[in-house]
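Asks: Numbering (my numbering), first residue to last: -12 to 198. Note that the Cβ used here is the ideal one computed from N, Cα and C, for glycine as well. Just so it is clear, the structure is predicted and the values come from calculations on it, not from any experiment.
Here you go:
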């Protein structure tokens, strides 16, 4: 699952932000510029949805960290937060293509930022939709895995190999999944996920080819 990095040296502040972000994504918390860069580089761009950075860090400014990030990735959504009432800080953050929020801020500020970042990340949006539908349909963890693999384009044989199950076991799990989803086939489930993710009906052939 893709993650959101929260860089905040106040443990209480970091956890307050993380509680909001966890509604939609996995959270990684780091308290220093050095640790944040190591985490970002260790995972790589494809592993991140967004970053939320406090301006005041023990080993430097959050804006310096943001500048480091921009040297690596120009497109990673960023939200900079601070308790300092400084328009100059806000202008610098915006110049580095980041959103900005003054403390104290409500959870809606963070939620809107994360939702916007997810909407710009197709993979994260698909994962979010799978989570939403799995909850709505009451799927088991294994049934959710099946949905994820089918949406990714895996064939039934491929799903069996990846999950390490027999044909009869997969048939039984698939019947349960389709009953809960009120769908006629796994392809219909994949289409429902992808249509919800993009917000539009899919053209024929848009569901990934099975492999």
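Rounded to whole angstroms, what is the Cα-Cα separation between residue 42 and residue 3?
Replies: 16 Å
Asks: Alpha carbons only, please: which of 184, 178, 96 is nearest the one belonging to residue 199?
Replies: With the chain running from -12 to 198 in the structure shown, residue 199 is simply not present.
Asks: Between which two residues does the beta strand (DSSP E) holding residue 21 run?
Replies: Unbroken run through residue 21 is the alpha helix (DSSP H), 20 to 30; no beta strand (DSSP E).
Asks: Going by other Cβ atoms of all chains shown within 10 Å of its Cβ, with 16 needed for buried, is residue 49 buried or exposed?
Replies: Label assigned to residue 49: buried.
Asks: Near residue 143, which residues of its chain fall below 7 Å by C-beta distance, leaving aside the five closest residues on each side in sequence?
Replies: 157
Asks: Could you check which residue in 11, 39, 6 has the C-alpha nearest to that of residue 20?
Replies: 39
Asks: In angstroms, rounded to a whole number, what distance separates the CA positions of residue 147 and residue 153?
Replies: 6 Å
Asks: Mapping the DSSP letters down to three states, classify residue 153 as helix, strand or coil.
Replies: Note: residue 153 maps to coil in three-state DSSP.
Asks: Roughly how many angstroms lie between the CA atoms of residue 29 and residue 23, to the nearest whole one?
Replies: 10 Å
Asks: Distance, Cα to Cα, residue 141 vs residue 167?
Replies: 21 Å
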